[in-house]
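Colleague: The structure is given below, and queries will be raised subsequently.
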Amino acid sequence: MADPAAGSGRPAPGVQPAAGSEPHVDAAPAGQDPAGLSPAGQDPAAVPVTAEPVGDEDQLPTGPRRILVAFYAIFALAATARAVVQLSTAFDQAPLAYLLSLFSGIVYLGATLGLVTERRWSRPLAWASCGTELVGVLVIGVASLVDHEAFPRDTVWSRFGSGYGYFPVLLPLLGLLWLRYSRPGAPRD
Numbered sequence: 001m002a003d004p005a006a007g008s009g010r011p012a013p014g015v016q017p018a019a020g021s022e023p024h025v026d027a028a029p030a031g032q033d034p035a036g037l038s039p040a041g042q043d044p045a046a047v048p049v050t051a052e053p054v055g056d057e058d059q060l061p062t063g064p065r066r067i068l069v070a071f072y073a074i075f076a077l078a079a080t081a082r083a084v085v086q087l088s089t090a091f092d093q094a095p096l097a098y099l100l101s102l103f104s105g106i107v108y109l110g111a112t113l114g115l116v117t118e119r120r121w122s123r124p125l126a127w128a129s130c131g132t133e134l135v136g137v138l139v140i141g142v143a144s145l146v147d148h149e150a151f152p153r154d155t156v157w158s159r160f161g162s163g164y165g166y167f168p169v170l171l172p173l174l175g176l177l178w179l180r181y182s183r184p185g186a187p188r189d
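This is the structure we're talking about:
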């Protein structure tokens, strides 16, 4: 078996350096012996490496936030998929309604991303998305009741989201409330 120190410029184990020569300083990384083995005597390449969360931004949502994220993700997928199908198969029947449905899907996607992550941009994105959704539901809700001809087909936000059990008007309110009461430094009553 070859000596691990051979050719490394170090004396073999048990051999003293020659008189007058400078002592050898190993440049092994902290936690490893000079032969390149880990503290447990294992080859570092054989030790499995696992990724661990760096901070809160990598944790999954819990509690009410998890429920909001789930609903927003479902609405993002449903509204976007529905709009893509409608735009590709029946655009000429109700272009405004179908484009608004696509827009609502994009807004839901923004809310989902803003609520699921904890990055510097997450809360502003969630605030903007939930606020846009609330304004959209109210404006489109009123417009769809007042001007039926402009909306020959329903959007997600038509009649305040009645086709979706009024969740489209409830979700932004819950999202905005959660953002308000979960903000850093908010009083915990």
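Using UniProt numbering, the first residue of the sequence shown is number 1, and each one after it goes up by one. Where is the CB? At the ideal position from N, CA and C, for every residue including glycine.
1. Could you work out which residue in L115, D92, S144 is closest to L174 when comparing CA atoms only?
2. Are three or more beta carbon pairs between the stretch 101–110 and the stretch 130–145 nearer than 8 angstroms?
3. For G131, report the span of its alpha helix (DSSP H) as first-last.
4. Using CA coordinates, which residue listed in G63, T80, R66 is at the minimum distance from A97?
5. Judging by CA-CA distance, which residue of R65, V156, V84 is the nearest neighbour of T117?
6. Let's test the definition: count the other Cβ atoms within 10 Å of the Cβ of F111 and tell me whether it reaches 16, buried, or not, exposed.
7. Is it buried or exposed, V137, if we count other Cβ atoms within 10 angstroms and call 16 or more buried?
8. Quick one, are the C-beta atoms of P168 and A94 less than 8 angstroms apart?
9. Could you tell me whether the Cβ atoms of L100 and I140 are closer together than 8 angstroms?
10. How would you label Y181, buried or exposed, when you count the other beta carbons within 10 angstroms and need 16 or more for buried?
Modeller: Walking through what the data contain:
1. By one-based count along the sequence shown, residue 174 stands at place 174. Among L115, D92, S144, the Cα nearest to that of L174 is on L115.
2. yes
3. Sequence index remark: in the sequence shown, residue 131 carries index 131 (1-based). Its alpha helix (DSSP H) spans residues 122–146.
4. As a working note, residue 97 is residue 97 in the sequence shown. Comparing Cα-Cα distances from A97 to each of G63, T80, R66, the minimum goes to T80.
5. Reading the sequence shown from its first residue, position 117 is the one you call residue 117. The residue with the shortest Cα to Cα distance from T117 is R65.
6. Locating residue 111 in the sequence shown gives position 111, where the first residue counts as 1. Before going further, note that residue 111 is Ala rather than Phe in the sequence given. Classification of A111: buried, given that the 10 Å Cβ count is 16 or more.
7. On the sequence shown, residue 137 is found 137 positions in, with the first residue counted as 1. Label assigned to V137: buried.
8. Walking along the sequence shown from the start, residue 168 turns up at place 168. Walking along the sequence shown from the start, residue 94 turns up at place 94. Taking 8 angstroms as the Cβ cut-off, P168 and A94 do not qualify as a contacting pair.
9. Position 100 of the sequence shown, counted from the start, is the residue given in the question as residue 100. Position 140 of the sequence shown, counted from the start, is the residue given in the question as residue 140. Contact flag set, yes.
10. In the sequence shown, the residue the question calls residue 181 occupies position 181. By the 10 Å Cβ count, Y181 comes out exposed.
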